[in-house]
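Numbering (my numbering), first residue to last: 1345 to 1615.
Positions of the beta carbon are idealized from the N, C-alpha and C atoms, including for glycine.
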């Protein structure tokens, strides 16, 4: 029963919401939408620069695709050997609005705004906010995949030299149903430990010069790894990460004469 029914108010017995209340609630909804749009505008403006860099990439560094990703939403599981890896993936997958999981905990935290505009899905290793932030990010990424979007994940963490794989990409695949597509960057600049001590602008220019000198980056799209929703999440994650490990290690061995990363299951991490 409406609270005003039978009290002699103008809406008595009609079940109608007073017009003034409708107008107020409609106005609040419109204000929220306008506020959200205004907040999004700076991010979209910066994303426009990222899109332009992706379009103009061939003028700076030649590259070509080997294979194609499947249609529909994908989790691009990318080798992380250099600093411009996302640009090559976006260009050759033609998923111009592909987002990515990123973190900037250690270095250049002032870049967080730009990374947020480019990639949208921030994660952290900071124990003070890791639990809440990462859970929200995973939920948002699953919603984005369910809506038809694609997401890049760099399962090696900060960069390849950690020598291990993290399970986030497989958890997203199991929860969203999207396939994992390993993306392997061949003949690319290999970032070296200690290079982050350089000033950022100088480092970017040097990486571009050295990448051009290599002659051209090959973006390999491997066959997709499909999640199995009939399995428990932990079992399915283990199965998919074993496949990612195999693909990555074979590629690193053949392309760079490096051992490649290992998948260390959580229960065996201290063994």
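Are the CB atoms of residue j and residue i within a distance shorter than 8 Å?
{"i": "residue 1438", "j": "residue 1463", "result": "no"}
{"i": "residue 1460", "j": "residue 1387", "result": "yes"}
{"i": "residue 1512", "j": "residue 1445", "result": "yes"}
{"i": "residue 1420", "j": "residue 1591", "result": "no"}
{"i": "residue 1433", "j": "residue 1552", "result": "no"}
{"i": "residue 1565", "j": "residue 1413", "result": "yes"}
{"i": "residue 1407", "j": "residue 1581", "result": "no"}
{"i": "residue 1481", "j": "residue 1465", "result": "yes"}
{"i": "residue 1485", "j": "residue 1584", "result": "no"}
Can you list, in chain order, the residues of its chain with a C-beta nearer than 6 Å to that of residue i? Leave out the 5 residues immediately preceding and following it.
{"i": "residue 1468", "result": "1447, 1449, 1474, 1477"}
{"i": "residue 1598", "result": "none"}
Just to confirm my understanding: we take residue i, look at its own chain, exclude 5 residues before and 5 after, and list those with CB closer than 8 Å. What are they?
{"i": "residue 1425", "result": "1503, 1504, 1529, 1532, 1533, 1534, 1535, 1600"}
{"i": "residue 1588", "result": "1421, 1499, 1509, 1513, 1514, 1524, 1526, 1569, 1607"}
{"i": "residue 1398", "result": "1431, 1434, 1435, 1440"}
{"i": "residue 1497", "result": "1419, 1420, 1421, 1422, 1444, 1445, 1512, 1513, 1516"}
Start and end of the alpha helix (DSSP H) containing residue i?
{"i": "residue 1512", "result": "1512-1520"}
{"i": "residue 1476", "result": "1474-1490"}
{"i": "residue 1437", "result": "1429-1437"}
{"i": "residue 1418", "result": "Per DSSP, residue 1418 belongs to no alpha helix (DSSP H) and is neither H nor E."}
{"i": "residue 1462", "result": "1456-1463"}
{"i": "residue 1544", "result": "1544-1558"}
Grouping DSSP H, G and I as helix and E and B as strand, with all else coil, what is residue i?
{"i": "residue 1606", "result": "strand"}
{"i": "residue 1530", "result": "strand"}
{"i": "residue 1588", "result": "helix"}
{"i": "residue 1509", "result": "strand"}
{"i": "residue 1390", "result": "helix"}
{"i": "residue 1573", "result": "coil"}
{"i": "residue 1404", "result": "helix"}
{"i": "residue 1525", "result": "strand"}
In chain order, what residues of the same chain lie with their CB nearer than 7 Å to the CB of residue i, ignoring the 5 residues before and after it?
{"i": "residue 1418", "result": "1494, 1522, 1523, 1525"}
Can you tell me the Cβ-Cβ gap for residue i and residue j, rounded? I've got them flagged as a contact below 8 Å.
{"i": "residue 1593", "j": "residue 1604", "result": "4 Å"}
{"i": "residue 1490", "j": "residue 1520", "result": "6 Å"}
State the start and end residues of the unbroken beta strand (DSSP E) segment that holds residue i.
{"i": "residue 1564", "result": "1561-1565"}
{"i": "residue 1445", "result": "1443-1446"}
{"i": "residue 1407", "result": "1407-1410"}
{"i": "residue 1497", "result": "1495-1497"}
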